[in-house]
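Trainee:
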Amino acid sequence: MNIFRLAGDMTHLISVLVLLLKIYATKSCSGISLKTQELYAMVFVARYLDLFTDYISFYNTVMKIVFILSSLAIVWCMRMHRVVKRSYDKELDTFRHNILIVVCFGVAVIINEKFTLREVFWAFSIYLEAVAILPQLVLLQRSGNVDNLTGQYVFLLGGYRAFYILNWIYRYFVEQRFSRWISAISGLIQTALYADFFYYYFLSWKNNAKLHLPA
Amino acid sequence: SEQPQSHDEL
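So the sequences go chain by chain: Y and E. This note's numbering puts the first residue of the first sequence at 168, with every later residue one more than the last. This note's numbering puts the first residue of the second sequence at -17, with every later residue one more than the last.
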């Protein structure tokens, strides 16, 4: 464990808590893409299949359970909670995320560390996480204005991946055998997807204006 | 091939 990875995991955890807080406190999920949340739930379930078989550390196990439960709780809230689901921007959240699922699974079958069920699902979860934010970014573009909690959520998600890139650089130099190419390359692509959002987020912060993404 | 190292990252 290094400081970059710990910072990344904490940022990721905070991003999920910010989202849960927004939904719970405002009883609204406007501006949040249900499709992105469903993709994240799939990412965690597919990645943590080893939750009960491989014990790595107490921290690792706890965080996996927290991520799985929180992502499922968010999807449940947006789908089933009778008050929250009314504020879901169904007509704006139209990204065809099924294509992302099929493509990522196809790539995972071809490019993986070892052709086993667990490794294919792990690679699938890595690729899917890289593109999971797309429905959310499209929804933000469409809805124009970004309320600050949703903006902070996306910003923190980008920050978590940026910290992980520092973690891979650190591990590359520290460990003699670096074999995290699948995570590192996929993580780079993921962070690049946030770049434009970061740019507009920084502009709005600098001009102290409301965050407006160009339509 | 050697066993892929366990994925210790979240």
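C-beta: ideal position from N, C-alpha, C; glycine also.
Between Trp289(Y) and chain E, is any beta-carbon pair separated by less than 7 Å?
Mentor: Taking Cβ atoms only, chain E reaches closer than 7 Å to Trp289(Y), which makes this a yes.
Trainee: Taking 6 Å as the cut-off, is the beta-carbon of Arg338(Y) closer than that to any non-hydrogen atom of the ligand HEM?
Mentor: The model depicted lacks the ligand HEM and carries no ligand whatsoever.
Trainee: For chain E, check one thing: does any of its Cβ atoms lie closer than 7 Å to the Cβ of Ile223(Y)?
Mentor: Closer than 7 Å to some Cβ of chain E, the Cβ of Ile223(Y) qualifies, so yes.
Trainee: Would you report the Cα separation of Ala351(Y) and Asn169(Y), rounded to the nearest angstrom?
Mentor: Distance between the alpha carbons of Ala351(Y) and Asn169(Y): 16 Å.
Trainee: Beta-carbon of Met177(Y) versus every beta-carbon of chain E: anything under 7 Å?
Mentor: Chain E, which has no Cβ nearer than 7 Å to the Cβ of Met177(Y), makes this no.
Trainee: From the DSSP output, in three-state form, read off His(-11)(E) for me.
Mentor: Three-state result, His(-11)(E): coil.
Trainee: Give me, in chain order, the residues of the same chain whose beta-carbon lies closer than 6 Å to that of Ser(-12)(E); leave out the 5 immediate sequence neighbours on both sides.
Mentor: Cβ neighbours of Ser(-12)(E) beyond the five flanking positions: none.
Trainee: Which residue from Ile300(Y), Leu180(Y), Gly318(Y), Leu370(Y) puts its Cα closest to that of Ile356(Y)?
Mentor: It is Ile300(Y) whose Cα lies nearest to the Cα of Ile356(Y).
Trainee: My assumption, with CB atoms under 8 Å, is that Tyr327(Y) sits in contact with Gly198(Y). Please give the rounded CB distance.
Mentor: The pair is not a contact, with the Cβ atoms about 20 Å apart (cut-off 8 Å).
Trainee: Could you compute how far the alpha carbon of Tyr366(Y) sits from the alpha carbon of Leu284(Y)?
Mentor: Distance between the alpha carbons of Tyr366(Y) and Leu284(Y): 39 Å.
Trainee: For the candidate residues Val313(Y), Glu296(Y), Phe262(Y), whose alpha-carbon lies nearest to that of Ala376(Y)?
Mentor: Per the Cα distances, Val313(Y).
Trainee: So, is Thr178(Y) buried or exposed, given that buried needs 16 or more other C-beta atoms within 10 angstroms?
Mentor: Flag for Thr178(Y) reads buried.
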